[in-house]
Amino acid sequence: MAAAEAVLRSALQAVPHDTALITCLGAVLCDRGKYREAVNVLETALKLGSADSHTHYNLGVALAGLAKPRKAMAQFGKAQGLAPSSLTWTAYFDPQAQ
14 MAAAEAVLRS
24 ALQAVPHDTA
34 LITCLGAVLC
44 DRGKYREAVN
54 VLETALKLGS
64 ADSHTHYNLG
74 VALAGLAKPR
84 KAMAQFGKAQ
94 GLAPSSLTWT
104 AYFDPQAQ
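Remember, our numbering sits 13 above the position in the sequence shown when you count from 1.
Written out as structure tokens, the structure reads:
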């Protein structure tokens with residue numbers, strides 16, 4: 014995962030406003046347990062106009078990781094109403110582990 018994070022950060026230097034790359038970085042940060050950073054990254058993607066369900070889903074995962082279940086559930090709800098992009102990833106999330 015560290016390699017994936019490095020590749021995504023490098024790609025974002027060339028295209029810093031690419032919401033698909035930002036969403037993927039957020040997923041990787043979640044998978045690495047870097048939830049605070051993931052929240053910041055994913056909120057940036059939303060501010061840039063991401064309408065990808067994966068952005069909201071990954072933000073929900075990050076918020077759940079920070080023990081903010083209400084905010085997490087709100088993001089999961091928003092994700093349900095949007096289409097996923099084939100260009101982005103979702104973070105691994107096991108609600109039974111929470």
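Glycine is no exception: its CB is placed at the ideal position from the N, C-alpha and C atoms. As the structure is a prediction and not an experimental result, all values here were calculated from the model.
- The criterion of a C-beta distance shorter than 9 Å is not satisfied by W102 and V20.
- Its Cα nearest to that of Y48, the residue A80 stands out among Q88, A58, A80.
- Per DSSP, reduced to three states, the secondary structure at M86 is helical.
- Taking a contact as a CB-CB distance under 8 Å, the pair A51 and C43 counts as one, their CB atoms being some 5 Å apart.
- A distance below 8 Å between beta-carbons, with the five flanking residues on each side excluded, links T57 to the following residues of its chain, in chain order: I35.
- Rounded to whole angstroms, the Cβ separation of S63 and A96 is 12 Å, and the two are not in contact under 8 Å.
- Between N53 and the set C37, G46, L72, R45, the nearest pair of CA atoms involves L72.
- Contact between F89 and Y70 holds, with the beta-carbon distance rounding to 7 Å and staying under 8 Å.
- The straight-line gap separating the alpha-carbon atoms of K84 and L55 is approximately 14 Å.
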